[in-house]
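Numbering (the numbering used here), first residue to last: 97 to 286. Written below as structure tokens is the structure these notes are about.
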Amino acid sequence: MYLVRWVLWPIALLPAVWWLWQTLHAPPAALTLADGARLEWVDCWFDRPLWRPMHCGRFHTRPEASALPEQFSLPVVYIPQWFWRRAGPPVLYIAGGPGGSSWLGAEEVGFWSHWVEQTGWNGGVVLYDQRGVGLSEPALDCPEMRSVRRELLPLPLPTEETYRRVREATRACHDRLKAGGMDLHRFTTQ
Numbered sequence: 097m098y099l100v101r102w103v104l105w106p107i108a109l110l111p112a113v114w115w116l117w118q119t120l121h122a123p124p125a126a127l128t129l130a131d132g133a134r135l136e137w138v139d140c141w142f143d144r145p146l147w148r149p150m151h152c153g154r155f156h157t158r159p160e161a162s163a164l165p166e167q168f169s170l171p172v173v174y175i176p177q178w179f180w181r182r183a184g185p186p187v188l189y190i191a192g193g194p195g196g197s198s199w200l201g202a203e204e205v206g207f208w209s210h211w212v213e214q215t216g217w218n219g220g221v222v223l224y225d226q227r228g229v230g231l232s233e234p235a236l237d238c239p240e241m242r243s244v245r246r247e248l249l250p251l252p253l254p255t256e257e258t259y260r261r262v263r264e265a266t267r268a269c270h271d272r273l274k275a276g277g278m279d280l281h282r283f284t285t286q
């Protein structure tokens, strides 16, 4: 009797507890809009903490057949508030910039689970990378800028020569992306 009560019953209850936890912290439903834009939930690209529910998705913008790229895919991370504290809508975090990422990479995203705990908000947090930055696809990659920044980093405070070299690297990146057919006017928040 002891074995049944104190060993087998707790083991038998584990699946029920797991199911309840998953149900209370399930992601919202996937969504498709009339214009073709859609949100789909995917496996996270990082190791999620066991103690904190986090959901990952991709938001695909509406397709535009005549544009390059035809569609953007933006990473989304939803960190719901604990079910017993959930009393309001989630907060949408928009990174600053221009060109700011929301730190959704595997090495950076752990910051957010701790940050959500510190805010004391009644709703969860929705994070995403804007078009062209971070983990968005396509991302505007400018190796020209990285190269010039590495060169200039050990030098003294910025001078007119520093500004000139940064402008040249920026122009080279711009020209390369344009020559590749990239419509840079589409990398906006509109």
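Virtual Cβ for every residue (Gly too), placed ideally from N, Cα, C. Please read these numbers as outputs of a predicted model, since none were measured by experiment.
For residue i: DSSP bridge partner residues
| i | result |
| --- | --- |
| A235 | G228 |
| V172 | G153, Y224 |
| E136 | R154 |
| Y189 | L223 |
| L127 | L135 |
7 Å Cβ shell around residue i - same chain, five flanking residues per side excluded
| i | result |
| --- | --- |
| C140 | M150, C152 |
| M241 | A265, T266, C269 |
| V50 | Look at the range of the chain in this structure, 97 to 286, and you will see that residue 50 is not part of it. |
| D279 | A163, L164 |
| A235 | G228, V229 |
| T157 | A133, Q167, F168 |
| F142 | A202, V205 |
| R292 | Missing from the structure shown is residue 292; the chain here goes from 97 to 286 and no further. |
| T128 | R134 |
| A191 | S197, S198, Q226 |
Cβ neighbour criterion (16 or more within 10 Å) applied to residue i
| i | result |
| --- | --- |
| F179 | exposed |
| H147 | Checking the sequence shown, residue 147 turns out to be Trp, not His. Label assigned to W147: exposed. |
| F283 | buried |
| Q177 | buried |
7 Å Cβ cutoff met for residue i and residue j
| i | j | result |
| --- | --- | --- |
| W114 | P123 | no |
| P145 | S198 | no |
| P186 | G216 | no |
| L135 | A125 | no |
| L248 | T255 | no |
| L231 | L188 | no |
Proximal residues to residue i (C-beta, below 6 Å), its chain only, five neighbours per side dropped
| i | result |
| --- | --- |
| G195 | V229 |
| D131 | R158 |
| A183 | N218 |
| E233 | S169 |
| C238 | C269 |
| F155 | L135, L170, V172 |
Close-in-space but distant-in-sequence residues of the same chain around residue i (CB under 8 Å, 5 per side omitted)
| i | result |
| --- | --- |
| A106 | The displayed chain sequence assigns Pro, not Ala, to residue 106. Within the same chain, P106 has no close Cβ partners at all. |
| G277 | L164 |
Closer than 7 Å to chain C by CB, residue i
| i | result |
| --- | --- |
| E136 | The structure shown contains no chain C, having only a single protein chain. |
Pair every Cβ in the segment 222-241 with every Cβ in the segment 165-175, then say whether three or more of these pairs are closer than 8 Å.
-> Result yes; three or more Cβ-Cβ pairs closer than 8 Å.
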